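Residue numbers (the working numbering): 1 to 99.
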C-alpha cells in the first residue's frame with residue numbers, strides 16, 4: 001500500500017523487512033527464511049538489496065523458478081526493497097536438530 005500511495009502522490013517509497021538470521025523452531029516460516037538468512041553474518045548487520053534482485057529477474061539474468069518455497073520468496077521480493085538481518089546479540093544456538 002505504501003508504494004501505491006507514494007506513486008499516487010509522486011513520491012518514492014522504501015519498504016524494509018527485518019528478519020532474524022537465526023530462528024529457533026522447525027516450521028514453514030523458518031524454511032521460508034533460508035534463501036535470505038543464508039547471507040547473514042552472526043557478528044554484523046546484513047542488508048540485502050531486493051530491488052537489485054528484482055531488476056535481475058525482470059531482465060532474465062536471474063531466475064527464482066525452482067527455488068524452495070518459491071511462492072514465499074516471490075512474495076518477499078514483490079513486497080520489499082530491502083531485507084535487514086541484524087547481528088546476534090548472544091551466542092547462537094543451532095536452529096536445527098541433528099539426525
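Note that CB positions come from ideal geometry on N, CA and C, so glycine has one too.
Model, not experiment: these values are computed from the prediction.
Close beta carbons around residue 80, own chain, < 7 Å, minus the five adjacent residues each side
On the chain shown, position 80 is the one that residue 80 refers to. Here the set comprises 15, 16, 17 and 50.
In the DSSP output, which residue or residues are listed as bridge partners for residue 49?
For the purposes of this step, residue 49 is taken as residue 49 along the chain shown, with counting starting at 1. For residue 49, which the question treats as bridged, DSSP gives the partners 82.
Among 54, 56, 48 and 8, nearest to residue 86 - alpha-carbon criterion
Along the chain shown, read from residue 1 onward, the residue named residue 86 stands at position 86. Closest option to residue 86, Cα to Cα, is 48.
Selected residue, minimal CA-CA separation from residue 42, among 97, 4 and 19
In the chain shown, the residue the question calls residue 42 occupies position 42. Comparing Cα-Cα distances from residue 42 to each of 97, 4 and 19, the minimum goes to 19.
Separation of residue 39 from residue 95, as counted between CA atoms
Locating residue 95 in the chain shown gives position 95, where the first residue counts as 1. Locating residue 39 in the chain shown gives position 39, where the first residue counts as 1. Roughly 16 Å separates the two Cα atoms.
N-terminal and C-terminal residue of the alpha helix (DSSP H) that residue 20 is part of
Locating residue 20 in the chain shown gives position 20, counting from the first residue. Residue 20 -> no alpha helix (DSSP H), and no H or E assigned at all.
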